[in-house]
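J.:
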Amino acid sequence: MATIKDWIWNEIQQIGKDYESVEEVASYDESHSKFRDAIKESQDILAHLNITKGQTLLDIGCGTGVFAREASKAGLKVTAADVSETMLQYAKEKTNSENAEISYIKGGFLTIPLMEQAFDYVTTSFSFHHLPDFYKFIALQRIINFVKDNGKLFIQDVVIAEEDFERNINNLIDHQESLGGKFLREDAVQHFREEFSTFDWILEQMIERAGFEIIDKSMESGLLARYTCLKATNK
Ligand SMILES: C[S@@+](CC[C@H](N)C(=O)[O-])C[C@H]1O[C@@H](n2cnc3c(N)ncnc32)[C@H](O)[C@@H]1O
Numbered sequence: 012m013a014t015i016k017d018w019i020w021n022e023i024q025q026i027g028k029d030y031e032s033v034e035e036v037a038s039y040d041e042s043h044s045k046f047r048d049a050i051k052e053s054q055d056i057l058a059h060l061n062i063t064k065g066q067t068l069l070d071i072g073c074g075t076g077v078f079a080r081e082a083s084k085a086g087l088k089v090t091a092a093d094v095s096e097t098m099l100q101y102a103k104e105k106t107n108s109e110n111a112e113i114s115y116i117k118g119g120f121l122t123i124p125l126m127e128q129a130f131d132y133v134t135t136s137f138s139f140h141h142l143p144d145f146y147k148f149i150a151l152q153r154i155i156n157f158v159k160d161n162g163k164l165f166i167q168d169v170v171i172a173e174e175d176f177e178r179n180i181n182n183l184i185d186h187q188e189s190l191g192g193k194f195l196r197e198d199a200v201q202h203f204r205e206e207f208s209t210f211d212w213i214l215e216q217m218i219e220r221a222g223f224e225i226i227d228k229s230m231e232s233g234l235l236a237r238y239t240c241l242k243a244t245n246k
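The C-terminal position of the sequence shown is numbered 246 in the numbering used here, with every residue numbered one higher than the one before it.
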């Protein structure tokens with residue numbers, strides 16, 4: 012009898028940007044610093060989540076681990092996951108050099124094994140768009156099991172508001188070029204050409220159907236969305 016394992020999306024394969032590439036990973040923080048302050052962004056998210064020291068957090072698609080390290084420094088017990096061995100290696104080295112304490116797991120939205128203990132927070136930044144929509148929903152149905160009752164899911168990603176989406180995407184590509192030349196232009200073009208950012212109304216329906224309540228949403232430039240979602244106690 013066929014099972015989900017037979018046809019599930021291979022999330023270990025790289026789509027769009029190749030985050031197994033050593034050069035790509037080594038230049039990631041520097042190239043991102045041209046358009047975001049990842050440390051301040053992380054601290055703002057932690058403040059927004061209203062965390063208490065000693066609570067637990069799982070960050071999925073941790074990349075170079077900036078957010079995980081800030082969460083650990085803020086007193087959370089942090090587990091960080093990524094499908095890229097190269098990213099994990101880089102993040103682990105940074106963790107050691109900054110004296111943060113983080114448990115790392117190799118795996119992603121579809122493959123992280125269910126753990127005995129659920130988390131107070133599950134977070135993911137700029138990683139969810141690596142899954143096609145059908146698998147985003149399967150991932151959300153898994154993620155809800157990783158969140159404690161009354162715990163929160165936080166998703167930050169490139170998500171597309173329907174109004175003026177073509178203009179917004181073109182503006183973003185031009186803006187990225189003005190900040191980082193051809194490299195950031197191609198980075199943005201590749202995002203929309205090869206990765207799976209989706210419309211906000213599609214993502215929101217999936218989040219809610221999976222059993223979360225969206226308690227806060229913000230949207231910048233019609234393309235950068237942040238969702239804070241609550242796991243209701245009876246789910
Ligand atoms: C654009 S980076 C974001 C990294 C970091 N969260 C940040 O905010 O800078 C995307 C990350 O998602 C990871 N990724 C890709 N597909 C994934 C999946 N299915 N599950 C978990 N992580 C995934 C990539 O390896 C990469 O490290």
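All C-beta atoms, glycine included, are put in the ideal place defined by N, C-alpha and C. From a predicted model like this one, the values you see are computed outputs, not experimental measurements.
I'd like to know whether the C-beta atoms of residue 131 and residue 66 end up nearer to each other than 7 Å.
T.: Here residue 131 refers to the residue found at position 120 when the sequence shown is read from its first residue. Here residue 66 refers to the residue found at position 55 when the sequence shown is read from its first residue. In contact: residue 131 and residue 66 (Cβ atoms closer than 7 Å).
J.: Assuming residue 98 is part of the alpha helix (DSSP H), what are its boundary residues?
T.: As a working mapping, residue 98 is identified with position 87 in the sequence shown. From DSSP, the alpha helix (DSSP H) with residue 98 extends over 96-108.
J.: Taking the C-alpha atoms as reference points, what is the distance between residue 24 and residue 72?
T.: Within the sequence shown, residue 24 is the residue found at index 13, counting from 1. Within the sequence shown, residue 72 is the residue found at index 61, counting from 1. Between residue 24 and residue 72, the C-alpha separation is close to 14 Å.
J.: Pop quiz: residue 207 and residue 164 are said to be a contact at Cβ under 8 Å. What is the actual Cβ separation, rounded to whole angstroms?
T.: Mapped onto the sequence shown, residue 207 falls at position 196. Mapped onto the sequence shown, residue 164 falls at position 153. Between residue 164 and residue 207 the Cβ distance is about 19 Å, and since that is not below 8 Å, they are no contact.
J.: I believe residue 123 touches residue 113 by the beta-carbon criterion, under 8 Å. Please report the beta-carbon distance rounded to the nearest angstrom.
T.: Residue 123 sits at position 112 when you count from the first residue of the sequence shown. Residue 113 sits at position 102 when you count from the first residue of the sequence shown. Contact doesn't hold; Cβ gap of about 15 Å is too wide.
J.: Let me check understanding here. Comparing Cα to Cα, which of 80, 91 and 68 lies closest to residue 110?
T.: As a working note, residue 110 is residue 99 in the sequence shown. Out of 80, 91 and 68, 80 has the C-alpha closest to the C-alpha of residue 110.
J.: Answer yes or no: do residue 58 and residue 76 have a C-beta to C-beta separation smaller than 7 Å?
T.: Numbered from 1 along the sequence shown, position 47 holds the residue referred to as residue 58. Numbered from 1 along the sequence shown, position 65 holds the residue referred to as residue 76. No, these two residues do not count as a Cβ contact at 7 Å.
J.: Report whether the distance from the Cβ of residue 141 to the nearest heavy atom of ligand 1 is below 6 Å.
T.: Within the sequence shown, the letter at position 130 stands for residue 141. At least one heavy atom of ligand 1 is nearer than 6 Å to the Cβ of residue 141, so yes.
J.: Tell me whether residue 137 counts as near ligand 1, meaning its Cβ is closer than 6 Å to at least one heavy atom of that ligand.
T.: Position 126 of the sequence shown, counted from the first residue, corresponds to residue 137. Yes, the Cβ of residue 137 comes within 6 Å of a heavy atom of ligand 1.
J.: Between the segment 134-152 and the segment 173-184, do three or more beta carbon pairs fall short of 8 Å?
T.: The segment 134-152, when compared against the segment 173-184, does not touch it at the 8 Å Cβ threshold.
J.: I'd like the span of the alpha helix (DSSP H) that includes residue 200, first residue to last.
T.: Position 189 of the sequence shown, counting from 1, holds the residue named residue 200. Residue 200 -> alpha helix (DSSP H) spans 176-205.
J.: Can you look up residue 217 in the DSSP assignment and give me helix, strand or coil?
T.: Here the question's residue 217 lines up with position 206 in the sequence shown. Residue 217 falls in the helix class under three-state DSSP.
J.: Ligand 1 and residue 22: does the residue's C-beta get closer than 6 Å to at least one heavy atom of that ligand?
T.: Within the sequence shown, residue 22 is the residue found at index 11, counting from 1. Residue 22: yes, Cβ under 6 Å from ligand 1.
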